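In this text, residue positions in the sequence shown follow the numbering used here: the first is 51, and each later residue adds one.
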Amino acid sequence: MKLLGIGLTVALLLAGCKSEQKTEKAIVKVSSAICGECATTIKTAVLKLDGVKAVEVDTKEKLATVEYVLASVKVSDIEDAIVKAGYSANEKQADQEAYEKLPDCCKKE
Ligand SMILES: [Cu+2]
């Protein structure tokens, strides 16, 4: 009986952990991403955030799909990371200084 109690406690703890790790997918508009290097830069920047599980960047659709842990990351954190990498994110404009440092092929003009 005692063993069953422990088992139940462990199961509950695991369930608790699992709900904390609940992930969500955010789709962020990255209108200034044009080439593969842009995609890599954005991926690297967003993956640095604690709680981001996966990042996919589609430079044709200009969309970044980010899988993140709901409890540790906010969409605005993801947007800010992209902005700081030199790209626009949703309605936020790219950080000018970071943009200047991008390789020439990644600049719009
Ligand atoms: Cu590029």
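Cβ atoms here follow ideal geometry from the backbone N, Cα and C, with glycine treated the same way. This one's a predicted model, so the numbers in the text were calculated from it and none came from an experiment.
- Query: Does the segment 78-92 come close enough to the segment 149-157 that 3 or more CB-CB pairs lie under 8 Å?
  - Reply: The answer is yes - the segment 78-92 touches the segment 149-157, with three or more Cβ pairs under 8 Å.
- Message: Here's the rule I'm using: 16 or more other beta-carbon atoms within 10 Å means buried, otherwise exposed. How should G136 be labelled?
- Response: That one is buried.
- Query: Would you report the Cα separation of E106 and A95, rounded to the nearest angstrom?
  - Reply: Each residue's Cα considered, the two are about 12 Å apart.
- May I have the straight-line CA-CA distance separating E141 from L99, to the nearest angstrom? CA-to-CA, the gap between E141 and L99 works out to about 20 Å.
- Task: List the DSSP bridge partners of K142.
- Result: Its beta-bridge partners are A139.
- Please say whether G101 and V119 have beta carbons closer to each other than 8 Å? Their beta carbons are under 8 Å apart, which means V119 touches G101 by this criterion.
- Output yes or no for whether 8 Å exceeds the beta carbon distance between K75 and E117. In terms of Cβ geometry, K75 and E117 form a close pair [threshold 8 Å].
- Message: If you measure between the beta carbons of A114 and V78, is that distance less than 8 Å?
- Response: Less than 8 Å separates the beta-carbon of A114 from that of V78.
- Message: Let me check one thing: in DSSP terms, what residues is V102 bridge-paired to?
- Response: DSSP lists Y118 as partners of V102.
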